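Read in this note's numbering, the sequence shown has 384 at position 185, and its numbers run on one by one without any break.
Think of the CB as a built atom: it goes at the ideal place given N, C-alpha and C, for glycine as much as any other residue.
Predicted, not measured: the structure shown is a model, and the values here were computed from it.
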Amino acid sequence: MKISIIIPVHNAEKYLERCVLSVMSALEAARLVEKTSTRAEIVLVLNGSTDRSKEICKKFAKKYPLALRVIECQKSSAGAARNLGVLEAKGEFIWFVDADDAVAEDAVVELLRAGRGMDLVMTGAERIYPDYTDYLSAVLPGKNMKSRFIRYGSGPWQFLVRRKWWVEQDFKFREDIIHEDMELMSSLILYTKKFNAVDRPLYFYYQNPDSVLHQKKWNEHEFDIFPALEGLYRRFEKAGAVKKHHDELEWFFIWNLLIDASMKHFAKFPEGKAGFMKNRKMLRRYFPKWRRNRFLKEKSLKFRLRCDLNYWR
Numbered sequence: 200m201k202i203s204i205i206i207p208v209h210n211a212e213k214y215l216e217r218c219v220l221s222v223m224s225a226l227e228a229a230r231l232v233e234k235t236s237t238r239a240e241i242v243l244v245l246n247g248s249t250d251r252s253k254e255i256c257k258k259f260a261k262k263y264p265l266a267l268r269v270i271e272c273q274k275s276s277a278g279a280a281r282n283l284g285v286l287e288a289k290g291e292f293i294w295f296v297d298a299d300d301a302v303a304e305d306a307v308v309e310l311l312r313a314g315r316g317m318d319l320v321m322t323g324a325e326r327i328y329p330d331y332t333d334y335l336s337a338v339l340p341g342k343n344m345k346s347r348f349i350r351y352g353s354g355p356w357q358f359l360v361r362r363k364w365w366v367e368q369d370f371k372f373r374e375d376i377i378h379e380d381m382e383l384m385s386s387l388i389l390y391t392k393k394f395n396a397v398d399r400p401l402y403f404y405y406q407n408p409d410s411v412l413h414q415k416k417w418n419e420h421e422f423d424i425f426p427a428l429e430g431l432y433r434r435f436e437k438a439g440a441v442k443k444h445h446d447e448l449e450w451f452f453i454w455n456l457l458i459d460a461s462m463k464h465f466a467k468f469p470e471g472k473a474g475f476m477k478n479r480k481m482l483r484r485y486f487p488k489w490r491r492n493r494f495l496k497e498k499s500l501k502f503r504l505r506c507d508l509n510y511w512r
């Protein structure tokens, strides 16, 4: 089998049909190109849904018995569901797709073509908001590839991965936090030189207001960003890459702590105010001279002042 598309399913009844049908269309397009019907599978991983997701999954399993499997995960986290999906997958490649997103019709064809002889393939993606769309570009192979990759901060859905390589490197998502991808994805490039990219929007990343990262109420798990970043730093230490990629890793911390988490979560809720103190503690521990970061120096004065303000809040 050529590819296993792993889809964690947690309370996704509003979006699941759109997701699965888009993936089925992409697999059918690949089948027509490759002239074979046994090269792909969809693995739906149910993890703790309380809505109609299970019923919808069973409907699809009945409709597509040769192409789609449903398995159940005893833990409710996306990390646990993805880890179980990898264990169950049979494909040469794996692709993690979120249940509230969709893929382009030619996505599987293009990614498998780019994946020949590769461990890792990155795709471009459209990030879709209610009133506008923007583009997340892929990091192209070249002189500054590793630097951009580490700073990029991508989700698992932006990568086609050779399953054997993933297993041999013992990659696993944390199963007890919501920022499980932050701990892992930016470190992948440290472990392979077999990297390719398709800089086209083959993935449609919908900004779902019901998702765990877009909550209207405070979620204590927003503080999971701190163990996630600490875990990422440990991965770079283990690979002996902290010194070599110091500025890139430092920038990743700056962006995620002082811009993303501060503006989207900590500043919006009274309970999040403790996050600013945690920001300072983490940066003082790992990157006390963060203001000298070369990527930060390239930003406008307004941007740098915003970082400093969020540091001292």
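Length of the line joining the Cα atoms of residue i and residue j
{"i": "I241", "j": "R491", "result": "46 Å"}
{"i": "V320", "j": "I349", "result": "15 Å"}
{"i": "Y328", "j": "D300", "result": "12 Å"}
{"i": "F292", "j": "N282", "result": "14 Å"}
{"i": "E470", "j": "F422", "result": "10 Å"}
{"i": "Y214", "j": "D250", "result": "12 Å"}
{"i": "F486", "j": "E429", "result": "12 Å"}
{"i": "H378", "j": "K289", "result": "27 Å"}
{"i": "F227", "j": "D380", "result": "The sequence shown places Glu at residue 227, rather than the Phe named in the question. Spanning the two alpha carbons is a distance of roughly 29 Å."}
{"i": "G354", "j": "M384", "result": "7 Å"}
{"i": "L482", "j": "L495", "result": "14 Å"}
{"i": "M205", "j": "Y404", "result": "The residue you asked about is not Met; residue 205 is Ile in the sequence shown. Near 16 Å, if we compare the C-alpha coordinates of Y404 and I205."}
{"i": "E309", "j": "Y334", "result": "18 Å"}
{"i": "E382", "j": "F259", "result": "33 Å"}
{"i": "Q368", "j": "K477", "result": "31 Å"}
{"i": "V366", "j": "W489", "result": "35 Å"}
{"i": "K501", "j": "L508", "result": "10 Å"}
{"i": "K472", "j": "A280", "result": "31 Å"}
{"i": "R326", "j": "S221", "result": "16 Å"}
{"i": "F358", "j": "M317", "result": "12 Å"}
{"i": "A313", "j": "D398", "result": "11 Å"}
{"i": "F465", "j": "N407", "result": "20 Å"}
{"i": "W356", "j": "K437", "result": "25 Å"}
CA nearest to the CA of residue i, picked from the options
{"i": "N246", "options": "C256, M223, E271", "result": "E271"}
{"i": "P207", "options": "K443, C256, P264", "result": "C256"}
{"i": "S203", "options": "A279, N282, F295, C218", "result": "F295"}
{"i": "E216", "options": "E382, K253, M321, G352", "result": "K253"}
{"i": "P264", "options": "K480, H209, L243", "result": "L243"}
{"i": "D446", "options": "N395, F425, S346", "result": "S346"}
{"i": "R315", "options": "M344, A337, A396, K258", "result": "A396"}
{"i": "N455", "options": "Q406, F425, M476, R483", "result": "F425"}
{"i": "D375", "options": "A427, L508, A324, V360", "result": "A427"}
{"i": "A440", "options": "R399, I458, S386", "result": "S386"}
{"i": "K415", "options": "K467, L457, K442", "result": "K467"}
{"i": "F370", "options": "Y390, Y351, A337", "result": "Y390"}
{"i": "R361", "options": "K442, W417, D459, V285", "result": "V285"}
{"i": "L267", "options": "L504, A239, S275", "result": "A239"}
{"i": "F448", "options": "Y351, G474, A306, Y510", "result": "With the sequence shown as reference, residue 448 is identified as Leu, and Phe is not the correct amino acid for it. The candidate whose alpha carbon is nearest that of L448 is Y351."}
{"i": "F372", "options": "R230, G278, A225", "result": "G278"}
{"i": "G323", "options": "A337, D330, K393", "result": "A337"}
Backbone secondary structure at residue i - three-state DSSP
{"i": "R326", "result": "strand"}
{"i": "L401", "result": "strand"}
{"i": "P517", "result": "The chain is shown from 200 up to 512; residue 517 falls before or after that span and cannot be answered."}
{"i": "F372", "result": "coil"}
{"i": "A288", "result": "coil"}
{"i": "V219", "result": "helix"}
{"i": "A427", "result": "helix"}
{"i": "K342", "result": "coil"}
{"i": "H378", "result": "coil"}
{"i": "H445", "result": "helix"}
{"i": "S275", "result": "coil"}
{"i": "K472", "result": "helix"}
{"i": "R505", "result": "helix"}
{"i": "D459", "result": "helix"}
{"i": "R479", "result": "helix"}
Residues that residue i bridges to, as DSSP identifies them
{"i": "R268", "result": "V242"}
{"i": "T332", "result": "I327"}
{"i": "P207", "result": "V244"}
{"i": "I293", "result": "S203, V360"}
{"i": "N395", "result": "V320"}
{"i": "A225", "result": "DSSP, once it has assigned bridges, lists no residue as partnering A225."}
{"i": "K301", "result": "Per the sequence presented here, residue 301 reads as Ala, with Lys not at that position. Partner(s): F403."}
Cβ distance (whole Å) where residue i is taken to contact residue j below 8 Å
{"i": "L401", "j": "A303", "result": "5 Å"}
{"i": "K201", "j": "L339", "result": "About 24 Å; that fails the 8 Å criterion."}
{"i": "H444", "j": "F435", "result": "7 Å"}
Residue i beta carbon near the ligand SAM (any heavy atom closer than 8 Å)
{"i": "K253", "result": "With respect to small molecules bound, the structure shown includes none, and the ligand SAM cannot be examined in it."}
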